[in-house]
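Asks: Here's a structure for you.
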Amino acid sequence: MGEQEQDRGCKDWLPPDKPAVTQMNSALEERSKNESIKLASKGLYYVGDGSQPPHTFIDEIDALSEGENTTISEKAKEISKFFGIYRQKGRSETGKKGDINFFMVRIRCPGGGELTPAQWAALNDVAELYGDGSIRLTSRQSIQFHHVYGPKLAPLVRHLNKNYRKDGTLSACGDVNRNVMCSPIEGLDPQHQPRARELMLEIAEALSPRTSAYFQVWLSDDEGRNQGPLNPEEPLYGDFYLPRKFKVGFGHATDNSVDVLTQDVGFFPVMENGVTDGTQWELYSGGGMGLTQNNVNTASLLGLYLGRIRREQVVEVSKAILTLQKEEGERKDRKFARWKYTIRRMGLERVKKELRERFGIDLEDAEPQPVPPIEYYLGWRDQGNGKSVYGLSIPSGRLQGEVRKGIRRAVEEFGLGVRLTAQQNLLLCNISDREALLRVLDSYGVPRPEAHSMIQRNALACPALPTCGLAMTGAETVLPEYVSAIEQAGLGDVDVEIRMTGCPNNCVRSSSAEIGIYGFGKNAHTILIGGSRLTTRLGKVLYPKVSGEAMASTLIALLRTIRDHCPKNVSVGNFLYETDAEQLRAWIGIE
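Throughout, the working numbering is defined as the position within the sequence shown, counted from one, plus 1.
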């Protein structure tokens, strides 16, 4: 059976046997504590929950900068997420928390991960001056800085705002729209020009918070910082913002590397006679990969197909769906607060009716067109006009040491553009002299894509332990060990996709991978198999719990099974999905 004949993973989801607590039907005291914190913030400026006089977020940032505190309060932690900041604490590889406090900072990066040479230089400066010397490329085409300590937090954000972009970390996290994604090849493919980046930037702006608090908090005193919220109004979000995070992504006519069906709102350009000009778009909605450990009512879900819309309504339909989520989303139990649950609780027909009748969206019923494959864009590609693109494989997205320095020098010396991919890799664009570029990269020991095995090139991992507060196991720190063991077993060129996370939140979308792994308790991993390389199908559980000590041998045996038993004309995802799990376990031979 071909990939396009597979189901699109939109399995039925039944809501818990209790009514949802929404903004439309509940009082504040019935909702989660996060709702009180958001309301009391008056547009993300104050820290409190209404139970005592609030103080300003500025107070906590100043205390950090002056060394009076080593971290921020629990309530301030919730506000900080809207500013792209996560409070973290050092943890051992077993998950035990230590005494060292630090932060992770994520940038705002609309535009499909596109960066100018000046922006790339600014991000490298931040890594050297305020972080741990590394740049972490994310699976949402953004960048994170890890191990940022209290006194360096405000200088880091201010440096980004001056040298990267004026809202450098705004809405990179929090209960708002996150980074809008797009195929990294957007605008570089002479045959297909859907002009998705224009729409993406419009959506990023339209769904951005309007409060002035971000700019007041991160101004320094000599820049004229004002005390008190000058403009706390949020015409789109209101006082409570969204119930949870919200994600938008655009596919390309030939590329689904952003995994459109895993987004809250996703778009594909409609193809006519093999080409597209971006005048019509297919609309999917309600995707999301996160689970909650031991809660069988939570689920990874792929987006539902709603139909087709005209280009001029793409931004409006994104705002409309966000508004429905604001009004109808669960406000008490945050485990069920994502749009993927709301749309299924409301029912697809009601959602389509609301879009048409209330918001005036001209939604056309249609059969979905085939979903394109994921492209990795590693190595050389013709950009047109005598220019080239060179894709570099960055294992787990961690750029550090001489590799980071070499890429920075190449970008600055040749004036190259940089694009980030959803596979945590990096594209260098606008290259005029291929050999000159390779000489610079080689002099710093930057590995060429072909130096990495197929397994390495197809692998994704989240940071997980020892930094992420949600992680139960390692991912970025342990996946290289498994990859190395696979390579040493002679299986490095098996063409299979492995994605690994440290918890069931599945930040690298492991639920839809051909082989997906997530942490499930102390030193325990769940292995999923049979997702689609098109991201049109979710995987099934092969092993519910595998210890860290057994992971390498289990993966080696699984890849050997794929090599020996998967027919040449069948994709690995289809083979794993269609083969009986008992038969697979028998071939694997590990109890």
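We put the beta carbon where it would ideally sit given N, CA and C, even for glycine.
Could you name the residues that DSSP lists as bridge partners for A460?
Replies: Paired residue(s): I499.
Asks: Determine, using beta-carbon pairs with one atom in the segment 553–567 and one in the segment 583–592, whether at least three such pairs fall under 8 angstroms.
Replies: The segment 553–567 is in contact with the segment 583–592.
Asks: Does S37 come out as helix, strand or coil in the three-state DSSP assignment?
Replies: Helix.
Asks: What whole-angstrom Cβ distance do C430 and R440 have, given they're in contact under 8 angstroms?
Replies: Between R440 and C430 the Cβ distance is about 18 angstroms, and since that is not below 8 angstroms, they are no contact.
Asks: Within a Cβ cutoff of 8 angstroms, which residues of the same chain sit near Q457, ignoring the five residues on either side of it in sequence?
Replies: The answer, listed in chain order, is S394, P396, V484, E488, G493.
Asks: Who pairs with G475 in a beta bridge, going by DSSP?
Replies: Note: G475 sits in a beta bridge opposite A465.
Asks: Taking 7 angstroms as the limit between beta carbons, can you name the residues of its chain near A472, skipping five residues before and five after?
Replies: Result list for A472: A465, L466, G503, C504, G520, in chain order.
Asks: Check whether chain C comes within 7 angstroms of V412, counting only Cβ atoms and requiring the distance to be less than that.
Replies: Absence of chain C from the displayed structure is noted, only one protein chain being present.
Asks: Considering only the beta carbon of each residue, do V372 and R382 sit closer than 7 angstroms?
Replies: Going by C-beta atoms, V372 is not nearer than 7 angstroms to R382.
Asks: Identify the residues that DSSP records as bridge partners of R107: which are they?
Replies: Paired residues: Q145.
Asks: Which class does F58 belong to by DSSP, given the choice of helix, strand or coil?
Replies: Helix at F58.
Asks: So, with DSSP's three-state summary, where would you put M182?
Replies: Three-state DSSP puts M182 in a strand.
Asks: Which residue's Cα is closest to the Cα of M105: V276, K82, Q120?
Replies: M105 has its Cα closest to that of K82, out of V276, K82, Q120.
Asks: What span of residues does the beta strand (DSSP E) with P545 cover, start to end?
Replies: Run containing P545: 541–548, per the beta strand (DSSP E) assignment.
Asks: Within 10 Å of its beta-carbon, does D363 have 16 or more other beta-carbons around it, so buried, or fewer, so exposed?
Replies: D363 should be labelled exposed.
Asks: What does the Cβ neighbour count give for S221, buried or exposed, with the cut at 16 atoms within 10 Å?
Replies: Exposed, because fewer than 16 other Cβ atoms sit within 10 Å of the Cβ of S221.
Asks: Quick one: using the 10 Å Cβ neighbour count with 16 as the cut-off for buried, is H526 buried or exposed?
Replies: H526 is buried by the Cβ-count criterion.
Asks: Taking 6 angstroms as the limit between beta carbons, can you name the residues of its chain near F360, skipping five residues before and five after?
Replies: Only A321 meet the Cβ criterion.
Asks: Determine the contact status of G517 and L535, defining contact as a CB-CB distance below 7 angstroms.
Replies: No. Outside cutoff.
Asks: Nearest-angstrom Cα distance between I101 and P152?
Replies: If you take the alpha carbons of I101 and P152, they lie about 13 angstroms apart.
Asks: Go through its chain and collect everything with a Cβ distance to L40's Cβ below 8 angstroms, but skip five positions before and after it.
Replies: The residues are L29, G51, D240, F241.
Asks: Is G267 closer than 7 angstroms to G308 when the C-beta atoms are compared?
Replies: It is not a contact, given that the beta carbons lie outside the stated cut-off.
Asks: Taking contact to mean 3 or more Cβ pairs, one atom from each stretch, closer than 8 angstroms, check whether the segment 402–418 and the segment 107–124 are in contact.
Replies: The segment 402–418, when compared against the segment 107–124, does touch it at the 8 angstroms Cβ threshold.
Asks: Is Q584 helix, strand or coil by DSSP?
Replies: Helix.
Asks: Can you tell me whether I362 is helix, strand or coil according to DSSP?
Replies: In this structure, I362 counts as coil in the three-state DSSP scheme.
Asks: Beta-carbon within less than 6 angstroms of E31's beta-carbon, same chain only, minus the 5 sequence neighbours each way: which residues are those?
Replies: Around E31: V22.
Asks: May I ask you to report which of helix, strand or coil DSSP gives T527?
Replies: Strand.
Asks: Hey, how far is the Cα of Q424 from the Cα of L461?
Replies: C-alpha separation (whole angstroms): 7 angstroms.
Asks: Quick one: what's K388 bridged to in DSSP?
Replies: Paired residues: G385.
Asks: Helix or strand or just coil, what does DSSP make of K167?
Replies: Residue state, collapsed to three classes: coil.
Asks: Kindly indicate which three-state DSSP category P20 falls into: helix, strand or coil?
Replies: Coil.
Asks: When DSSP labels each residue in this structure, what does K90 get in the three-state scheme?
Replies: Here K90 sits in strand by DSSP.
Asks: What are the start and end residues of the alpha helix (DSSP H) that includes N507?
Replies: Taken as a continuous stretch (DSSP letters only), N507 belongs to no alpha helix (DSSP H), as it is neither H nor E.
Asks: At the level of alpha carbons, what is the spacing between V352 and E368?
Replies: V352 and E368: Cα-Cα distance of roughly 18 angstroms.
Asks: DSSP three-state label for V249, please.
Replies: V249: strand per DSSP, three-state reduction.
Asks: Measure the C-alpha to C-alpha separation of Q7 and R538 and round it to an integer number of angstroms.
Replies: Since pLDDT at Q7 reaches only 42, below the 50 mark, its modelled position is unreliable, and the value read off the structure follows with that caveat. For Q7 and R538, the distance between alpha carbons rounds to 7 angstroms.
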